[in-house]
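Right, one structure below, let's go through it.
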Amino acid sequence: MRIFKNSKQSNLSHMTAVKHSPEIDSSVAAETIVGHSVKLEGDLVAEGDIKVDGIVSGKVKTTKSLFVGPTAKIEADVEAGSVTVAGVIRGNVKAADLMVILQTGNVTGDIVCSAIAIEEGAYFVGKCTMNEKKGNGKTSVPLPDEDE
Amino acid sequence: MYYYLIDPKSYDGKNFEFEQSRLLSLLNEYQVAGEAARVTPIRGVKDLVATAVSHGVKTLVVVGGDETFSRALSVFHGKPITVGFIPLNSKSEIAKILGMPQTLDACVAAIAKRLVNSFDIVRVSDAFFISSLSFESPEKECHLFIDESFKIHAKVLGGKIINAQEAAGRSANIFSDPGDGRLEVILAGKLSWFSAWRYRRKFTAKQFEALPGRSVLHAKSLRILAPEGMPLYMGEYLIARTPASISVMDEKLRIVVGKNRVF
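Each protein sequence line maps, in turn, to chains A and B. Take the position in the first sequence, starting the count at 1, then add 128; the result is the number in my numbering. Take the position in the second sequence, starting the count at 1, then add 22; the result is the number in my numbering.
So this is what it looks like as structure tokens:
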């Protein structure tokens, strides 16, 4: 019986090793990068992550994450899954998840997001609207009336 | 029925006649023999491919270089033909992409094995290619119009438009799937003196995707509007000049591949 158990375990470990062998995952949407020497005018719509280090005017849209580099300047409305800003955005931002404005970030426009984090030294002028959190309305903290 | 189009000009060895006779005997040995036609000054690549198509050939094997393949592609694209490729020189990028071995024996064995994949065909002006295009514009601003959706104005050192690329020239985080219907557009931005010296070998080898400050965009079609007259190269072969329209065609190419293919 021990022999059968050992052979089964060795088969399983072999299968595990094969499963974790590194492969290029082409199903993951590729990254779009706008370099520092590039000026883009128009609608930039991508399926994967977007990284901007240049100048973009028009519209930027992705379902994944958008990173605005320190040398970047976006004069456009932005829509993304999550947005991280270290450069300049002049326009409205709509983030389905997290919006982060880093210390060198400069945002002028309205923000709609689920969560926001603004570092000390960041610049933000506009209105911020948070999406309502989905929950059952009950909180774990007991109310003062209930204690008495 | 197999049809072999043989281009002796692409051969970079010493004795082409010996190589050709060896090829024909290997085809018999692997039972994939068929009609063989040699490219001459009188009957060029396009004439021979048109003849093959008119004869109802089902499998056309191009025996030559990347330029031979590109010229043949302009005739047989869209036709119900399975294509094969046997490289006659060591510099062929298409051979490396398709995983075709360097030795003649192994190439014929791969053709006989008949492992077929679908490939995107890319049209640039009046020419066609399946690998990649490159250009250099160190002093001038490039204007591109991508997917009829946005314009790019950039002062770049050079750029590449990739459908498929050999493994050696590929950066780890840029994977070009030749069957996804999209092109990768790489633009190499200006570098500082130190970076230019540090990455000089990669720039000389046109590995723009490995340079810092590069741009990576994805497109189904694009137009290179400026600078005018800029040459577009497929490897070392001048394929077109700007202004040029580049787009992925709707029809796919059925092509025989080797086991060492990069996709």
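Ideal Cβ placement from N, Cα and C applies to all residues, glycine included. Every value quoted in this text rests on a predicted model; they were computed, and no experiment measured them.
Leaving out the 5 sequence neighbours to the left and right, which residues in its chain are closer than 6 Å to residue i when beta-carbon positions are compared?
{"i": "PHE151/B", "result": "SER92, VAL144, MET256"}
{"i": "LYS187/A", "result": "ASP171, ALA204, ASP205"}
{"i": "GLU159/A", "result": "GLY176, ASP177"}
{"i": "LYS182/B", "result": "SER154, SER156, ILE208, PHE230"}
{"i": "ARG60/B", "result": "ILE28"}
{"i": "VAL156/A", "result": "Annotation note: pLDDT 47 at VAL156/A (below 50); position unreliable, coordinate value reported separately. There are no such residues."}
{"i": "ILE161/A", "result": "LYS179"}
{"i": "ILE174/B", "result": "LEU166"}
Using three-state DSSP, classify residue i as helix, strand or coil.
{"i": "LYS31/B", "result": "helix"}
{"i": "ALA223/A", "result": "strand"}
{"i": "LEU230/A", "result": "coil"}
{"i": "ALA200/A", "result": "coil"}
{"i": "GLU231/B", "result": "helix"}
{"i": "ALA55/B", "result": "coil"}
{"i": "SER116/B", "result": "The question names Ser, but residue 116/B is Ile in the sequence shown. Here ILE116/B sits in helix by DSSP."}
{"i": "PHE214/A", "result": "Correcting the residue identity first, residue 214/A is Ala in this sequence and not Phe. Looking at ALA214/A - three-state DSSP - the assignment turns out to be coil, as it is neither helix nor strand."}
{"i": "LEU127/B", "result": "Before going on, a small fix: residue 127/B reads as Asp here, not Leu. Helix, per DSSP."}
{"i": "LEU95/B", "result": "helix"}
{"i": "ALA9/B", "result": "This structure gives no information on residue 9/B, because the portion of chain B shown stretches from 23 to 285."}
{"i": "ASP169/B", "result": "coil"}
{"i": "LYS295/A", "result": "Nothing about residue 295/A can be reported from this structure: the residues present for chain A run from 129 to 276 only."}
{"i": "SER149/A", "result": "Here SER149/A scores only 35 on pLDDT, less than 50, and its place in the model should not be relied on; the value that follows carries that caveat. It is coil, neither helix nor strand."}
{"i": "ALA218/B", "result": "helix"}
{"i": "THR236/A", "result": "strand"}
{"i": "GLU89/B", "result": "helix"}
{"i": "LYS167/A", "result": "strand"}
{"i": "THR226/B", "result": "helix"}
{"i": "LEU247/B", "result": "strand"}
{"i": "GLY106/B", "result": "strand"}
{"i": "THR62/B", "result": "coil"}
{"i": "GLU247/A", "result": "coil"}
Does the beta carbon of residue i come closer than 7 Å to any beta carbon on chain A?
{"i": "ALA176/B", "result": "yes"}
{"i": "SER237/B", "result": "yes"}
{"i": "LYS212/B", "result": "yes"}
Identify, in the order they occur along the chain, each residue of the same chain with its Cβ nearer than 8 Å to the Cβ of residue i, setting aside the five sequence neighbours on each side.
{"i": "SER269/B", "result": "VAL144, ARG145, LYS242, SER243, LEU244"}
{"i": "GLU260/A", "result": "none"}
{"i": "ALA266/B", "result": "VAL146, SER147, ARG245, ILE246, LEU254"}
Would you verify that the beta carbon of residue i is, or is not, closer than 7 Å to some beta carbon of chain B?
{"i": "SER155/A", "result": "With a pLDDT of only 43 at SER155/A, under the threshold of 50, the placement of this residue in the model should not be trusted; the figure read from the coordinates follows. Not an interface residue."}
{"i": "PRO150/A", "result": "Caution applies to PRO150/A, whose pLDDT of 38 falls short of 50 and renders its modelled position unreliable; the value that the coordinates give is listed next. Output row for PRO150/A: interface = no."}
Would you mind reading off the limits of the beta strand (DSSP E) that contains residue i?
{"i": "LEU82/B", "result": "81-86"}
{"i": "SER4/B", "result": "What the structure shows of chain B is the stretch from 23 to 285, and residue 4/B is not part of that stretch, so it cannot be assessed."}
{"i": "LEU137/B", "result": "137-146"}
{"i": "PHE285/B", "result": "Per DSSP, PHE285/B belongs to no beta strand (DSSP E) and is neither H nor E."}
{"i": "LYS173/B", "result": "172-184"}
{"i": "THR190/A", "result": "183-190"}
{"i": "GLU273/B", "result": "266-279"}
{"i": "ALA241/B", "result": "237-241"}
{"i": "GLY257/B", "result": "Element bounds for GLY257/B: n/a, residue is neither H nor E."}
{"i": "ILE161/A", "result": "160-162"}
{"i": "GLU158/B", "result": "154-158"}
{"i": "MET122/B", "result": "Note, MET122/B: premise wrong, no beta strand (DSSP E); not H, not E."}
Along the alpha helix (DSSP H) that carries residue i, what are the first and last residues, could you check?
{"i": "GLU41/B", "result": "38-51"}
{"i": "LEU209/B", "result": "Not the alpha helix (DSSP H): LEU209/B falls in the beta strand (DSSP E), residues 205-211."}
Leaving aside the five residues before and after residue i along the sequence, list all residues of the same chain whose C-beta is less than 7 Å from its C-beta, in chain order.
{"i": "PHE252/A", "result": "ILE229, VAL235, ILE246"}
{"i": "LEU120/B", "result": "PHE107, ILE277, VAL279, GLY280, ARG283"}
{"i": "GLY219/A", "result": "ILE202, GLU203, ALA204, ASP205, VAL206, GLY237"}
{"i": "GLY254/A", "result": "VAL235, THR236, GLY237, ASP238, ILE239"}
Please list, in chain order, the chain E residues whose beta carbon lies closer than 7 Å to that of residue i.
{"i": "LEU172/A", "result": "Of the protein chains in the structure, A and B, none is chain E."}
Return the residues of the region 158-170 of chain A that lie within a Cβ-Cβ distance of less than 9 Å from chain B, sorted by chain order.
-> Of all residues in the region 158-170 of chain A, ALA158, GLU159, THR160, ILE161, VAL162, GLY163, HIS164, SER165, VAL166, LYS167, LEU168, GLU169, GLY170 have a Cβ within less than 9 Å of some Cβ in chain B.
The region 212-242 of chain A: positions lying closer than 9 Å to chain B by Cβ = The residues in question: there are none.
Which residues, taken in chain order from the region 181-199 of chain A, show a beta carbon closer than 8 Å to some beta carbon of chain B?
-> Of all residues in the region 181-199 of chain A, those with a C-beta nearer than 8 Å to a C-beta of chain B are ASP181, GLY182, GLY186, reading in chain order.
Using a Cβ-Cβ cut-off of less than 7 Å, list which residues of the region 240-253 of chain B approach chain A; keep chain order.
-> Across the region 240-253 of chain B, CB contacts with chain A closer than 7 Å involve HIS240, in sequence order along the chain.
Between the region 40-71 of chain B and chain A, which residues of the former have CB atoms less than 8 Å from a CB of the latter, in chain order?
-> So the list is empty, because no residue satisfies the distance condition.
Contacting positions in the region 204-235 of chain B - beta carbon closer than 7 Å to chain A | Cβ contacts with chain A: LEU209, GLY211, LYS212, GLY235.
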